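**Q**
Numbering (this note's numbering), first residue to last: 3 to 226.
(1) Please report how far the alpha carbon of residue 212 lies from the alpha carbon of residue 190, in whole angstroms.
(2) Considering only their Cβ atoms, is the gap separating residue 142 from residue 126 smaller than 7 angstroms?
(3) Leaving aside the five residues before and after residue 89 along the sequence, list all residues of the same chain whose C-beta is less than 8 angstroms from its C-beta, in chain order.
(4) Let me know the secondary structure DSSP gives residue 86 once reduced to three states.
(5) Compute the Euclidean distance between the alpha carbons of residue 195 and residue 97, then round it to the nearest angstrom.
(6) I want to know whether the stretch 18 to 27 touches the stretch 162 to 176 - three or more CB-CB distances under 8 angstroms.
(7) Sort 101, 184, 113 by Cα distance to residue 148 and report the nearest one.
(8) Comparing the CB of residue 169 with every heavy atom of the ligand SAH, is any distance shorter than 6 angstroms?
(9) If we require 3 or more residues per run, which beta strand (DSSP E) segments fall completely within the stretch 4 to 46?
(10) For residue 161 and residue 118, which I take to be in contact (beta-carbon distance under 8 angstroms), what is that distance rounded to the nearest angstrom?
(11) How is the alpha helix (DSSP H) around residue 57 delimited, first residue to last?
(12) So is residue 215 buried or exposed if we call it buried at 16+ other beta carbons inside 10 Å?
(13) Using only alpha-carbon positions, find the residue among 172, 200, 31 that is nearest to residue 222.
(14) Looking only at its chain, what residues have a beta carbon closer than 6 angstroms to the beta carbon of residue 3, apart from the 5 residues adjacent to it on each side?
Pasting the structure below:
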């Protein structure tokens with residue numbers, strides 16, 4: 003396989019922090035279905051534009067925005083029902099991104115690995131179990147645990163802190179513009195694997211340090 007030219011550091015970081023949705027599994031459509039269904043059940047509707055506003059947001063941010071759009075008085079109810087619906091759908095299986103899962107395995111074999119995701123912890127936990135990655139990921143951080151969602155750098159900074167790696171010595175693996183901006187703001191090297199046709203990826207190539215079509219193109223050098 004012919005690999006694209008990669009900066010040496012991209013092959014030999016001290017640690018790797020992966021986004022989750024869109025990097026390890028193609029779950030954006032499932033989030034969309036869940037939100038649209040709950041919106042309808044609560045007597046309202048969401049547009050595609052509304053959904054795009056939620057990219058990178060933490061649970062408080064997106065549920066508050068969704069409740070406002072729907073005219074619902076309690077964002078916590080909106081969040082609880084949406085997350086429950088999402089987990090029901092996950093139980094039926096998810097669209098795994100094999101190259102992403104394989105990259106986690108390669109990274110974990112050579113150094114610390116973390117997840118930095120906008121999803122709530124219960125969703126991160128469920129997805130890691132489904133992907134059989136729970137034992138390989140040293141830690142995971144939800145945007146719910148920090149000041150705000152992506153593109154703020156907080157979730158990446160916290161992930162690096164937990165694996166005891168300086169952000170400047172770590173890779174951020176992303177698929178979205180909000181995520182790429184978050185990684186760059188944290189001072190990390192951003193590796194972008196955009197999802198073809200995904201609105202969340204639009205504009206991200208201008209931010210990333212490395213752009214790949216698949217994480218199979220990121221071999222990572224072994225370490226003793």
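We put the CB at the ideal spot given by N, CA and C, even for glycine. Keep in mind it's a predicted model, so treat the numbers as computed, not measured.
**A** Concretely, from the data shown:
(1) Computed Cα separation, rounded: 11 angstroms.
(2) yes
(3) 124, 125, 128
(4) helix
(5) 16 angstroms
(6) yes
(7) When C-alpha distances from residue 148 are compared across 101, 184, 113, the shortest belongs to 184.
(8) As for the ligand SAH, it is missing from this structure, which has no ligand bound.
(9) 17 to 20
(10) 4 angstroms
(11) Segment: none, residue 57 is in no alpha helix (DSSP H) and carries neither H nor E.
(12) Label assigned to residue 215: exposed.
(13) It is 172.
(14) At residue 3, the pLDDT of 43 sits below 50, so the modelled position is not reliable; the number obtained from the coordinates is stated separately. Counting only residues of its own chain and dropping the five nearest sequence neighbours on each side, residue 3 has no CB closer than 6 angstroms to any other CB.
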